[in-house]
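All remarks here apply to the structure that follows.
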Amino acid sequence: MPLGLSLWQTSTILLLMFTGGAMANVGRAWLMRMAGQRIVGRLRERTYAASLEQEVEFVEKGEGDVLSRLSVDTSIVGESVTQNLSDGLRAVVMSTVGLGAMFYISPKLTMLMLVVVPPVSLGAVFYGRYLKKLSNQTQEAVGEMTKVASESLSALRTVQAYNAHAQEQGKFHERVNHVLSLAKKEATASALFFGATGWSGNVTLLSLLGYGGTLVSQGQISVGELTSLLLYTLYVGNGLSMLTSFFSSIMRGIGAGTRIFELLDRTPAIPPHKGVAVSAERRGLLKFENIKFEYPSRKGIDILKNFDLEIGVGESVAIVGKSGGGKSSVHSLLLRYYDPVEGKITFDGQDIREFSIESWRNVIGVVPQDPVLFTGTIASNIAYGNKDATREQIEQAAREANCEFVWGMPQGFDTPIGRLSLSGGQRQRLAIARALLKKPALLALDEATSSLDATSEHRVNDAIDKILRNRQTTCLFVAHRLSTIARAERIVVLEEGRIVESGTYHQLISRQDSRFRFLMAAQLNAAAGEKHTYNFEAEERQEPETQAPPP
Numbered sequence: 001m002p003l004g005l006s007l008w009q010t011s012t013i014l015l016l017m018f019t020g021g022a023m024a025n026v027g028r029a030w031l032m033r034m035a036g037q038r039i040v041g042r043l044r045e046r047t048y049a050a051s052l053e054q055e056v057e058f059v060e061k062g063e064g065d066v067l068s069r070l071s072v073d074t075s076i077v078g079e080s081v082t083q084n085l086s087d088g089l090r091a092v093v094m095s096t097v098g099l100g101a102m103f104y105i106s107p108k109l110t111m112l113m114l115v116v117v118p119p120v121s122l123g124a125v126f127y128g129r130y131l132k133k134l135s136n137q138t139q140e141a142v143g144e145m146t147k148v149a150s151e152s153l154s155a156l157r158t159v160q161a162y163n164a165h166a167q168e169q170g171k172f173h174e175r176v177n178h179v180l181s182l183a184k185k186e187a188t189a190s191a192l193f194f195g196a197t198g199w200s201g202n203v204t205l206l207s208l209l210g211y212g213g214t215l216v217s218q219g220q221i222s223v224g225e226l227t228s229l230l231l232y233t234l235y236v237g238n239g240l241s242m243l244t245s246f247f248s249s250i251m252r253g254i255g256a257g258t259r260i261f262e263l264l265d266r267t268p269a270i271p272p273h274k275g276v277a278v279s280a281e282r283r284g285l286l287k288f289e290n291i292k293f294e295y296p297s298r299k300g301i302d303i304l305k306n307f308d309l310e311i312g313v314g315e316s317v318a319i320v321g322k323s324g325g326g327k328s329s330v331h332s333l334l335l336r337y338y339d340p341v342e343g344k345i346t347f348d349g350q351d352i353r354e355f356s357i358e359s360w361r362n363v364i365g366v367v368p369q370d371p372v373l374f375t376g377t378i379a380s381n382i383a384y385g386n387k388d389a390t391r392e393q394i395e396q397a398a399r400e401a402n403c404e405f406v407w408g409m410p411q412g413f414d415t416p417i418g419r420l421s422l423s424g425g426q427r428q429r430l431a432i433a434r435a436l437l438k439k440p441a442l443l444a445l446d447e448a449t450s451s452l453d454a455t456s457e458h459r460v461n462d463a464i465d466k467i468l469r470n471r472q473t474t475c476l477f478v479a480h481r482l483s484t485i486a487r488a489e490r491i492v493v494l495e496e497g498r499i500v501e502s503g504t505y506h507q508l509i510s511r512q513d514s515r516f517r518f519l520m521a522a523q524l525n526a527a528a529g530e531k532h533t534y535n536f537e538a539e540e541r542q543e544p545e546t547q548a549p550p551p
């Protein structure tokens with residue numbers, strides 16, 4: 001017994017030490033777990049913020065992969081740098097203290113044990129590198145799996161309508177099998193590595209016992225010292241085993257972290273924070289000058305070429321043409337979801353690439369073909385992106401957009417809604433209200449009435465008429481419906497990425513060889529079942545604002 005202490009005194013001191021150690025272990029576990037959750041939370045916030053700043057095509061192309069980085073990868077990194085880091089430091093202390101005690105008892109036997117350490121360490125290095133590479137591949141496979149599930153679940157109505165459950169399950173099954181094949185490789189490598197290290201540890205213990213027994217028989221060490229040495233060997237072995245697991249986890253965390261920091265460090269193709277601010281009150285001429293455009297994912301396929309268009313302040317222009325002709329791409333360029341390959345777009349004489357993205361999009365109101373509503377109230381959806389809007393401003397925008405149905409809702413503007421809680425016409429009018437709340441200098445409408453019935457179309461067109469009469473907002477339509485097209489002051493016909501003709505509704509309809517007349521005739525005759533030829537001459541005698549919807 002040390003210091004002449006009795007057995008009970010020594011046992012009491014050890015009990016107090018163990019109790020203190022247990023309390024410290026509780027504190028360590030709690031602190032590291034909370035630190036891990038905070039790290040994961042910050043990583044997720046930063047990753048999400050970085051995702052929102054990327055160009056549209058990057059996120060849409062890898063939506064599931066981005067979600068995987070947000071959820072799975074961040075959890076792996078958080079676990080690696082907190083709980084496993086704590087266990088790794090604990091293992092280092094255990095191994096160091098144990099080795100020191102072993103050297104004190106018998107340097108010969110300790111050196112014998114250390115012979116096995118270099119091969120195990122070398123194996124751990126190769127195993128860690130392989131695990132890092134495999135972890136990266138696994139996380140990418142999980143991202144692809146998440147993407148498939150996200151696409152199917154977001155389009156569940158279509159999946160169920162076409163009884164495509166088996167097809168979607170098959171696609172998901174392929175992705176799951178790919179993840180399992182990578183997991184099998186990792187399991188095989190882990191089994192071989194840990195099996196080898198366990199075997200080497202047992203061989204080392206056997207060697208110590210055999211050689212130590214010889215030293216005991218020669219009187220060089222006592223049986224007590226050999227027993228102590230073997231106990232310390234188990235203590236060191238436990239520490240080295242924890243270090244191996246720590247190293248494996250760190251390599252897995254590095255593999256997942258690589259994917260996260262790739263996204264965090266990625267520079268968006270369209271930088272979000274560069275450029276000068278555009279005043280919300282600024283008005284000016286909008287010009288598309290010699291635009292050539294191709295989608296990054298479809299290199300070499302020109303969507304727009306030699307595209308020139310000039311729109312005056314307060315003017316309304318409708319772009320018409322066949323599907324796939326590049327009409328919606330004009331809006332995408334205007335909103336800077338993409339930049340043109342050649343040419344430029346100017347506003348009030350200034351290239352829009354000189355403006356900051358945030359301020360430029362603030363002066364544009366957008367009404368898409370299929371408006372997206374978010375979970376929340378009607379008021380929060382109208383005020384989306386405009387958190388400082390007052391209730392009076394929200395209600396005024398709703399009136400201007402003919403959203404009279406809101407006042408009939410159970411809770412009015414505070415009625416909770418979801419993505420598909422309202423009809424198509426109601427969603428369109430809410431989207432118009434959302435756009436008008438910004439008091440935009442430019443209004444971009446993309447097929448705003450293409451999927452509406454006659455009554456809803458009339459209400460939406462009536463809201464559009466109010467905007468056009470205001471003369472403060474420049475309007476750019478992409479439309480198929482004649483009732484919407486005829487409201488524009490000027491119509492441009494787009495074919496194969498070029499403007500082939502331009503003029504007012506009556507000018508284009510009155511020309512016998514007009515491409516616009518041909519497009520409208522084909523559309524209207526198809527709608528009428530080709531039972532008769534549409535009478536454009538009769539149509540010309542009607543005012544655009546009062547004409548009936550096409551048959």
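Numbering (the UniProt record's numbering), first residue to last: 1 to 551. Where a beta carbon is used, it is the ideal one built from N, C-alpha and C, also for glycine. If you're wondering where the values come from, they're calculated on a predicted model, not measured in any experiment.
Nonlocal neighbours in the same chain, by C-beta distance under 7 Å from residue i, ignoring five residues either side
i: residue 279; result: none
i: residue 520; result: 482
i: residue 312; result: 285
i: residue 386; result: 437 and 438
i: residue 47; result: 69, 70, 74, 260, 263 and 264
i: residue 35; result: 82
i: residue 76; result: 252, 253 and 256
i: residue 427; result: 371 and 373
i: residue 176; result: 145
i: residue 201; result: 237
Opening and closing residue of the alpha helix (DSSP H) in which residue i lies
i: residue 328; result: 327-334
i: residue 171; result: 165-217
i: residue 18; result: 7-53
i: residue 236; result: 223-265
i: residue 510; result: 505-510
i: residue 437; result: 424-437
Residue i beta carbon near the ligand SAH (any heavy atom closer than 8 Å)
i: residue 508; result: Of ligands this structure carries none, so the ligand SAH is not represented either.
Proximal residues to residue i (C-beta, below 6 Å), its chain only, five neighbours per side dropped
i: residue 19; result: none
i: residue 183; result: none
i: residue 127; result: 193
i: residue 431; result: 367 and 371
i: residue 344; result: 289 and 351
i: residue 342; result: 292
i: residue 433; result: 382, 397, 398, 401 and 403
i: residue 316; result: 468, 475, 488 and 489
i: residue 272; result: 53 and 357
Rounded distance between the beta-carbons of residue j and residue i, thought under 8 Å
i: residue 246; j: residue 84; result: 5 Å
i: residue 440; j: residue 363; result: 6 Å
i: residue 94; j: residue 238; result: 7 Å
i: residue 494; j: residue 327; result: 6 Å
i: residue 318; j: residue 491; result: 5 Å
i: residue 301; j: residue 329; result: Rounded, the Cβ-Cβ distance is 11 Å, inconsistent with contact.
Residue i, enclosing beta strand (DSSP E) - first and last residue
i: residue 81; result: That residue, residue 81, is in no beta strand (DSSP E); its alpha helix (DSSP H) goes 74-81.
i: residue 365; result: 364-367
i: residue 553; result: Nothing in the structure corresponds to residue 553, since the chain is present only between 1 and 551.
i: residue 270; result: No beta strand (DSSP E) contains residue 270, which DSSP labels as neither H nor E.
i: residue 115; result: Residue 115 -> no beta strand (DSSP E), and no H or E assigned at all.
i: residue 287; result: 286-293
i: residue 59; result: Here residue 59 belongs to no beta strand (DSSP E); instead the alpha helix (DSSP H) covers 56-61.
i: residue 155; result: Per DSSP, residue 155 belongs to no beta strand (DSSP E) and is neither H nor E.
i: residue 602; result: The structure shown does not extend to residue 602, since the chain is modelled only from 1 to 551, so the question has no answer here.
i: residue 301; result: Counting along the chain, residue 301 falls outside any beta strand (DSSP E), and DSSP gives it neither H nor E.
i: residue 106; result: That residue, residue 106, is in no beta strand (DSSP E); it is neither H nor E in DSSP.
i: residue 280; result: Counting along the chain, residue 280 falls outside any beta strand (DSSP E), and DSSP gives it neither H nor E.
i: residue 317; result: 316-320
Neighbourhood of residue i by C-beta, 8 Å cutoff - its chain only, sequence neighbours within 5 removed
i: residue 335; result: 361, 364, 366 and 444
i: residue 215; result: 106, 108, 109, 221 and 226
i: residue 463; result: 400, 401, 402, 429 and 432
i: residue 189; result: 127, 130, 131 and 134
i: residue 243; result: 88, 91, 92 and 95
- Determine contact between the segment 264-276 and the segment 122-135, defined as no fewer than three beta-carbon pairs at a distance below 8 Å. no
- Query: Per the contact definition of three or more C-beta pairs closer than 8 Å, is the segment 346-359 in contact with the segment 387-406?
  - Reply: no
- Message: In chain order, what are the residue ranges of uninterrupted alpha helix (DSSP H) at least 4 long that sit wholly in the segment 456-498?
- Response: 482-485
- Item | Cβ contact check for the segment 201-209 and the segment 80-94: 3 or more pairs under 8 Å | no
- Task: Report the residue ranges of all alpha helix (DSSP H) runs contained in full by the segment 344-394; include only those spanning at least 4 residues, in chain order.
- Result: 357-362 and 378-382
- Task: Please confirm if the segment 248-258 is in contact with the segment 128-141, defined as three or more CB-CB distances below 8 Å between the two stretches.
- Result: yes
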